[in-house]
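Heads up: the sequence lines are chains A and B, in that order. Sequential numbering of the first sequence, starting at 1, is according to our numbering. Sequential numbering of the second sequence, starting at 199, is according to our numbering. In this text, a Cβ means the ideal position worked out from N, Cα and C, and glycines have one as well. One structure is given below, encoded as structure tokens.
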Amino acid sequence: MMEYNEERCVIELQVNGLARQVMVRPADILLDVLRQELGLTGAKPGCKNGDCGACTVIMDGWPVKSCLVLAVEAVGHQIMTVEGLGASGGKTSSKSSSAGTSAGSSSGNADSGTGNGSGNGNGADSGYIDPVQAAFVQANAFQCGYCTSGFLMVCHALANQKPDAEEYEIESWLESNLCRCTSYQEVRQAVDIMLGRS
Amino acid sequence: MGGTIGLNVKRKEAWAKVTGQAKYTDDFPTVGHYTARLLTSPYAHARIISIDKTDALSIKGVKAVITGEDYPNFCGPLLLDRPAIANQIARYAGEPVAMAIAVDEATAALAAAAVKVEYEVLPAVFTPQEAMKPAAPLVHENIGKYGHAAEDINPRPNSNISSYFPVRKGNMTEGWSNSQVTIEQEFFLPPSDHLAMEVRAARAEISKDGMVTITTSSQAPFEVRKQIAECFQVPAGNIRVLVPFVGGGFGGKAPVMQELLAYIASREVAGKPVRLVMDRKEDLTAAPSRAGLSARIKLGATKEGLLQAAELTFWLDNGAYTDIGPYMVKAIAADCTGPYRVDNLHCDAYGVYTNHTYATSCRSFSHESLTFCIERAMDLLAEKLAMDPLKLRMVNAITAGHYTPTQVLGTFSNLGNLPACISRLQEMTDWQEGPPVQITADTVRAKGMACFWKAATPPTNAPSGALITFNPDGSLNLNTGVVEMGSASQSHLAQMLADKLGISDDQVHVVLEVDTRLNPVHYKTVASITSYIAGRAVMRAAEDILAQLRKMGAEALSCFPEDIEIKQSRVYARQNPDIYIEFKDIVMGYKDVFGNSIGEPVVGRGTSMFKGLSNLNPKTGKGQSGPAWTVGAQAVEVEMDLRDYTYRIIHAYSVMDVGNLINPEGMSGSVRGGMSMGISMASRENFSYAKNGRGEMTTPSLRSYKALHIGEEPIYELDFVETPQLDAPYGMRSMSEHGIIGMPAALANALSKACGVAFNQLPLKPEDLWRTATGTGAVAEPMMAPDAAVAGAAAGDAAGADASAAAFAAGAGFAEGGIQ
């Protein structure tokens, strides 16, 4: 027997350049919908309270914590997740000489073949390495990797919105996110590489 | 040797982690899964009178509600004292009392909240000093009846003592009579959290024929298999545990908790797949935390500063359940003096139950806490001696030829070179004696330092293994039971393997996920022992491969096996390097030009198990609990505003003897990360509990429990000493955790110097410093009464252990007006 579910509604989200229709409850947060309905698990739940930044995604070019955004609030906005980084519309601007070129240019031992599972967003053009990803790899700016997507999103927006950011601006942008493995020195170094300052 | 040692090779999974491809436990599709949510106790100690599931079960989409009565099985790695869900008694606020399973998370959460529990609140204990009082409420009534998974722990019936390890050495009377200067002080560290960014998660599924599959964010997949097998009487072979990437562990994911819950949840719904994700509040309050520590330290030295005697008592707050606590107590006992030679030694180390969230190792197995106490005491001793604290440490540094507290003879191999670390630290920090440096009228700068040592304390027979298979291009697959949780230890193993086989690092692929059905057993990914014990297994697997290649190569090249050289993915006879066989043509078995087959495909196999470790003598502590120590010297420089006790940590320094710096950038990152966690823990982190009779945690979110953010970090300066550990692969010492160890002590020493006030407890928040310095208001947690310390210190023999404990307990009660 067919059952009418009045608790759910269908909405259309613009994610990584594609229109995606999803069925959600009004109370569903964007983070859960990205992860569970669209399989975009790069955004991570760390607190679901806006305190840790692991779930950060880009909305209309600015970083937002996707645990603090209702899925229905995201309708009509351009969402980008880490899976869309480097694809058309998701490129990070950079003054770095080594960035944005071909795979492995600044990446040392780029062995992506051992990743478990495959990307399920709209992956970057093959061969293109986004400067923010290259910078994070080069600077060892992550260890366990759980907070990394969130940091990458903030840094991507920073590079595009504030390419000439002063040190205090970089700090105030990045203090939205927590990392428990690194010392942050590595993250700062990655930002410097990304912005072409080292 | 292939020359990959010392290179800054990137971690194998680097690109998976910057693209969102890296999958963690809850990143796999959830279609077809039920979701479980917990209801936790709001009381620190309460009897569960009744539980009414009716309302919860009436919610549409709810599949089951489980309570402790349904699964009264006891679990634990050492002492079987913990049920998966509280049964009859809840022993900490946050302890699961019911679990609801439903079609989706929202429904499960609704159902968990609809479970009605009636409690009778019981008196609770919140500090070891309260718990040690003779008339203290017992956290466990039947401690003597619990099963043991390890025999060398000593829970004491009818008390809150969950374990006890003494150390006795030399002659205390002589030690004190040779001491012209003594100091005595008590120290207190509250519990805090690992705060791994990934909250704990697990999934479970049981097939009709009883095959159990568990996916979990765990550092200990083989321990998960063991505990589920033993606690629920499932044949171990029926259990398959999968661990994908783990988003930080720091010891907090070595206990088995969410796996037990997911397993019983699946059992309750006829084996359907169930996922359980703790929310951050549960991760902080329900799941294991960092243990608190209380200590009394008495040191005696000659007027030249040579240590003559140490009387040390430690009380580890292991919370409501022991987990690995007894072995943390053992580790504290074994390393109780810090890295100093003390010939006359009397140490009692206790694990104590309290009604706190149960505790486990947090990045260094309590050495960060032990070191805080010892290194603060060393600064107090230096002050009393009017001696440079760096010099005091230098003259007492333990080194080759000295005996450790548990009477292990030190060598450069097992101890490394602490004096070299101290000397290097002195140069790096431009260490100067004298008062704090005045910066403005109200601000000063000061430096504080700390030395540390740490040996792992694994079970004496902890195992590891490695299996290596090849691909048709000649590259290989390294397969161990090691979990990738950020430490890059598998990547370091790959680097060692590449060097050993004479191939480049990119020819080594690593199986980064663990599957207990595929991977050889590895004790747990803990204690920084991977490079040692898994490293030994990998080296053996490499030898196995080399032997097979030599044999096949000799046959194919018609030469003696001992003439075969293996380098750059080629096999050749050393007398004729121009005629060679490439790996890709031989690792799958060789076929000569006539079509004859020679040899067979190469599979490398290596296993290992700790050797030479022993239980500690129950009276004297004599014995060897770990294979070797890692030593280091650390310092911080602070700038403090003396008006409001706010401060900035300007520099943090670390010099560590790592044996061999096989990956300088990677290992530096581990050390800095540890230092960062130590600074965060010491400067701002502590669990606090409501003093309202309920005893719930008042810091259950990342708003009330603040960790270090970017902008608050110091400038880090590192250096390394390389004294090889001769029994470790490539001489590399354990080093993953160690960056944290000296930081809390170094910070407290720097602040104490800046302020001229002794800060002997954590955390070191400006408000706490202000309270201590001005005596304004109550300090966050009570210290022990000084009379107790004196009474305890008078006891000098083995029997004194109990007297000391009783005095400690009585002293705590003294403030309330009664000695038993």
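(message) I'd like the list of long-range same chain contacts for Ile860(B), defined as Cβ closer than 8 Å, with 5 residues on each side in sequence excluded.
(response) Within the same chain, Ile203, Gly204, His690, Gln693, Met694, Tyr928 and Met930 come within 8 Å of Ile860(B) by CB-CB distance, once the 5 residues on both sides are set aside.
(request) Please confirm if Leu308(B) has its CB atom under 8 Å from at least one CB of chain A. (result) Contact with chain A is absent for Leu308(B), since none of that chain's Cβ atoms lies less than 8 Å from the residue's Cβ.
(request) Hey, could you find the ends of the alpha helix (DSSP H) Met879(B) is sitting in? (result) Pro862 to Arg882 is the span of the alpha helix (DSSP H), which, as asked, contains Met879(B).
(request) With 7 Å as the limit, tell me which residues of the region 280-295 of chain B have their beta carbon closer than that to any beta carbon of chain A; keep them in chain order. (result) Against chain A - using a Cβ distance shorter than 7 Å - the region 280-295 of chain B contributes no residues.
(request) Give the residues from the region 886-917 of chain B that approach chain A closer than 7 Å (Cβ to any Cβ), ordered along the chain. (result) Per Cβ criterion, the list reads Ser899, Leu900, Arg901, Ala905, His907, Ile908, Gly909, Glu911 and Tyr914.
(request) Would you please verify whether the beta carbon of Phe443(B) is less than 8 Å from any beta carbon of chain A? (result) With respect to chain A, the C-beta atom of Phe443(B) has a partner C-beta closer than 8 Å.
(message) Residues in the same chain with beta-carbon distance under 7 Å from Ala686(B), minus the five sequence neighbours each way, listed in chain order, please.
(response) Counting only Cβ-Cβ distances below 7 Å, and skipping sequence neighbours, we find Arg209 and Gly864.
(request) Could you tell me the distance, in whole angstroms, from the CA atom of Gly117(A) to the CA atom of Pro332(B)? (result) For Gly117(A), the predicted structure reports a pLDDT of 36, less than 50, and the residue's modelled location is therefore unreliable. A value from the coordinates is still provided. For Gly117(A) and Pro332(B), the distance between alpha carbons rounds to 56 Å.
(request) Please name the residue or residues paired with Arg715(B) in a DSSP beta bridge. (result) Partner(s): none; Arg715(B) has no beta bridge.
(request) Quick one: grab the DSSP three-state call for Ala598(B). (result) Ala598(B): coil per DSSP, three-state reduction.
(request) Would you mind stating whether Ser88(A) and Leu30(A) have Cβ atoms separated by less than 8 Å? (result) Between Ser88(A) and Leu30(A), the C-beta gap is not smaller than 8 Å, which leaves the two residues out of contact.
(message) Rounding to the nearest angstrom, what Cα-Cα distance links Ile193(A) and Asp839(B) in this structure?
(response) Taken atom to atom, the span from the alpha-carbon of Ile193(A) to that of Asp839(B) is near 34 Å.
(message) Considering just the uninterrupted stretch of the beta strand (DSSP E) at Asn177(A), what are its terminal residues?
(response) That residue, Asn177(A), is in no beta strand (DSSP E); it is neither H nor E in DSSP.
(request) Excluding the 5 residues preceding and the 5 following Cys52(A) in the sequence, name in chain order all residues of the same chain whose CB lies nearer than 6 Å to its CB. (result) If we look at Cys52(A) and ignore the five residues flanking it on each side, its Cβ neighbours are Gly46 and Leu178.
(message) Using CA atoms only, rank isn't needed, just tell me which of Lys261(B), Ser823(B) and Arg245(B) is closest to Thr252(B).
(response) Closest option to Thr252(B), Cα to Cα, is Lys261(B).
(request) Could you pull out every unbroken beta strand (DSSP E) segment of at least 3 residues lying fully inside the region 458-518 of chain B, listed in chain order? (result) For the region 458-518 of chain B, the continuous beta strand (DSSP E) assignments of 3+ residues that do not extend past its boundaries occur at 472-475, 490-499 and 505-517, in sequence order.
(request) Sort out for me which residues DSSP pairs Pro645(B) with in a bridge. (result) A quick correction: the sequence has Lys, not Pro, at residue 645(B). Lys645(B) is bridged to Glu835(B).
(request) Ignore the nearest five residues each way along the sequence and tell me which others in Gly108(A)'s own chain have a CB closer than 8 Å to its CB. (result) Note that Gly108(A) has pLDDT 39, beneath the 50 cutoff, so the model's placement of it is unreliable and the number below is only indicative. Within the same chain, and ignoring the five residues on either side of Gly108(A) in sequence, the residues whose Cβ sits closer than 8 Å to its Cβ are Val137 and Gln138.
(message) Which runs of the alpha helix (DSSP H) at least 4 residues long sit entirely within the region 247-274 of chain B? Give them in chain order.
(response) List check, alpha helix (DSSP H) in window: 252-256.
(request) Check whether the Cβ of Asn659(B) lies closer than 8 Å to any Cβ atom in chain A. (result) Not closer than 8 Å to any Cβ of chain A, the Cβ of Asn659(B) fails to qualify, so no.
(message) Is there a C-beta anywhere in chain B that falls below 8 Å from the one on Arg20(A)?
(response) No, because no Cβ of chain B sits closer than 8 Å to the Cβ of Arg20(A).
(request) Check the Cβ of Ser149(A) against every Cβ in chain B and list those closer than 7 Å, keeping chain order. (result) Ordered by position in chain B, the residues that pass the 7 Å Cβ test against Ser149(A) are Gly218.
(request) With DSSP collapsed to three states, give me the class of Leu13(A). (result) In the three-state reduction of the DSSP assignment, Leu13(A) falls in the strand class, which pools E and B.
(request) Give the interface partners of Ala732(B) over in chain A, defined as CB-CB distance under 8 Å, in chain order. (result) Correct list: empty, because the minimum Cβ distance to chain A is about 17 Å.
(request) Hey, could you find the ends of the alpha helix (DSSP H) Glu581(B) is sitting in? (result) His565 to Leu583 is the span of the alpha helix (DSSP H), which, as asked, contains Glu581(B).
(request) State buried or exposed for Asn958(B), treating a residue as buried only when at least 16 other CB atoms are found within 10 Å of its CB. (result) It is buried - the Cβ of Asn958(B) has at least 16 other Cβ atoms within 10 Å.
(request) Return the CA-CA distance between Ser357(B) and Leu336(B), expressed in angstroms with no decimal places. (result) A direct Cα-Cα distance of roughly 6 Å separates Ser357(B) from Leu336(B).
(request) Figure out for me which residue from Trp629(B), Lys367(B) and Ala547(B) has the closest Cα to the Cα of Arg539(B). (result) Taking only the C-alpha atoms, the option nearest Arg539(B) is Lys367(B).
(message) Helix, strand or coil for Ile437(B)? Go by DSSP, reduced to three states.
(response) Ile437(B): strand per DSSP, three-state reduction.
(request) Report yes or no: do the region 935-948 of chain B and the region 869-883 of chain B share at least 3 C-beta pairs separated by less than 8 Å? (result) Because the criterion of three Cβ pairs below 8 Å is met, the region 935-948 of chain B and the region 869-883 of chain B touch.
(message) On the DSSP bridge list, what partners appear for Asp546(B)?
(response) Under the DSSP definition of a beta bridge, Asp546(B) partners with Pro364(B) and Thr511(B).
(message) Between Pro227(B) and chain A, is any beta-carbon pair separated by less than 8 Å?
(response) Answer yes: the Cβ-Cβ gap between Pro227(B) and chain A drops below 8 Å somewhere.
(request) Under 9 Å between beta-carbons, which chain A residues line up against Ser416(B)? List them in chain order, please. (result) Here the premise fails: no neighbours, minimum Cβ distance about 13 Å.
(message) Please state the DSSP three-state secondary structure of Tyr168(A).
(response) If DSSP states are grouped into helix, strand and coil, Tyr168(A) belongs with the helices.
(request) Say whether chain B places a C-beta atom closer than 8 Å to the C-beta of Ala54(A). (result) Ala54(A) counts as touching chain B.
(request) Have a look at Met879(B) and Lys904(B) and give me their C-alpha separation to the nearest angstrom. (result) Distance from the CA atom of Met879(B) to the CA atom of Lys904(B), rounded to whole angstroms, is 9 Å.
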